[in-house]
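Asks: Mapping of the sequence shown onto the working numbering: residues -7 to 138, in sequence order.
The following block contains the structure, expressed as structure tokens.
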Amino acid sequence: SSGINAECPLRPGFHEGYKYWSCCQKKTTDFDVFLKQEGCTDGNHLWGDPSSKKEAKCRYDWHQTGDTVSFTVYVKNVKPDLSTVICNPVKLELEIRFGENEVFNFKGVLNGIIVPEKSHVGFFKTKVEVSMRKAEFFGWNKLTVD
């Protein structure tokens, strides 16, 4: 199987000379026979470390209408199931995972108050867009408080 956390036969501890896996103890001197041996235990194998991530810079922008503020991150190959977007009435946090273990992080205190229950996130081919409903109908001069 493929994937970061794929199920596969477990074979810990390869031994040279006699060729065998320490879990099975089926010994042979023939390498072809050794390669055909079934694993003795099934389990999950971690292909790569999901905690390893390469910080990346992405272009982002924001705009507003009377009742909405939109924050857009321009990024391709997003992995929505590994990404997180957290917002409360005054804070926005994003961790967008994409490509090969790349991650874009954004944390900011918003310049106004939003209604999280009426806000939403869209994952698209070339961008991630967070659309936040304003709690008050007035213009923001910037997205976040610096």
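From the three backbone atoms N, C-alpha and C, an ideal C-beta is built for every residue, glycine too.
It should be emphasised that the depicted structure is a prediction, and the values quoted were computed from it without experimental measurement.
(1) Where Asp59 and Leu135 are concerned, what is the direct C-alpha to C-alpha distance, given to the nearest angstrom?
(2) Would you mind giving the Cβ-Cβ distance between Asn103 and Leu86, rounded to the nearest angstrom? I have them listed as a contact below 8 Å.
(3) Within the same chain, show all residues whose beta-carbon is closer than 6 Å to that of Gln29, passing over the 5 residues directly before and after it, in chain order.
(4) Between the beta-carbon of Val113 and the beta-carbon of Val77, is there less than 7 Å?
(5) Spatial neighbours of Lys68 within its chain, please: C-beta separation below 8 Å, excluding the five flanking residues on both sides.
(6) Which residues bound the beta strand (DSSP E) around Ile146?
(7) Could you compute how far the alpha carbon of Val122 sits from the alpha carbon of Lys49?
(8) Applying the criterion that 16 or more other CB atoms from any shown protein chain within 10 Å of the CB defines a buried residue, is Ile105 buried or exposed?
(9) Leaving out five residues before and five after Val107 in sequence, what residues of the same chain have Cβ atoms less than 6 Å from its Cβ?
(10) In chain order, what residues of the same chain have a beta carbon less than 6 Å from the beta carbon of Lys45, not counting five sequence neighbours either side?
(11) Residues in its own chain within less than 8 Å of Ser111 by CB, not counting five upstream and five downstream?
(12) Could you tell me whether the Cβ of Arg89 comes closer than 7 Å to any Cβ of chain C?
(13) Please name the residue or residues paired with Cys79 in a DSSP beta bridge.
Replies: A quick look at the data gives this:
(1) Counting from one through the sequence shown, the residue named residue 59 turns up at place 67. Counting from one through the sequence shown, the residue named residue 135 turns up at place 143. Approximately 14 Å between the Cα atoms of the pair.
(2) Here the question's residue 103 lines up with position 111 in the sequence shown. Here the question's residue 86 lines up with position 94 in the sequence shown. Going by Cβ atoms, the distance from Asn103 to Leu86 rounds to 17 Å, so no, they are not a contact pair.
(3) In the sequence shown, counting from the first residue as 1, residue 29 sits at position 37. Within the same chain, Gln29 has close Cβ partners Lys18.
(4) Stepping through the sequence shown from its first residue, residue 113 is reached at position 121. Stepping through the sequence shown from its first residue, residue 77 is reached at position 85. Cβ atoms of Val113 and Val77: closer than 7 Å.
(5) Residue mapping note: residue 68 aligns to position 76 of the sequence shown, counting from 1. Taken in chain order, the residues that qualify are Phe90, Gly91, Lys117, Thr118.
(6) Nothing in the structure corresponds to residue 146, since the chain is present only between -7 and 138.
(7) Position 130 of the sequence shown holds residue 122. Position 57 of the sequence shown holds residue 49. Cα-Cα distance, rounded: 18 Å.
(8) Counted from its first residue, the sequence shown places residue 105 at position 113. Exposed, by the Cβ-count rule.
(9) Indexing the sequence shown from 1 puts residue 107 at position 115. Here the set comprises Arg125, Ala127.
(10) Locating residue 45 in the sequence shown gives position 53, where the first residue counts as 1. Cβ neighbours of Lys45 beyond the five flanking positions: Asn93, Val95.
(11) Against the sequence shown, residue 111 aligns to sequence position 119. So the list reads Cys79, Val122, Ser123, Met124, Arg125, once near-sequence residues are dropped.
(12) Although the question refers to chain C, the structure presented lacks it and comprises just one protein chain.
(13) In the sequence shown, the residue the question calls residue 79 occupies position 87. The partner list for Cys79 (beta bridge, DSSP) reads Leu84.
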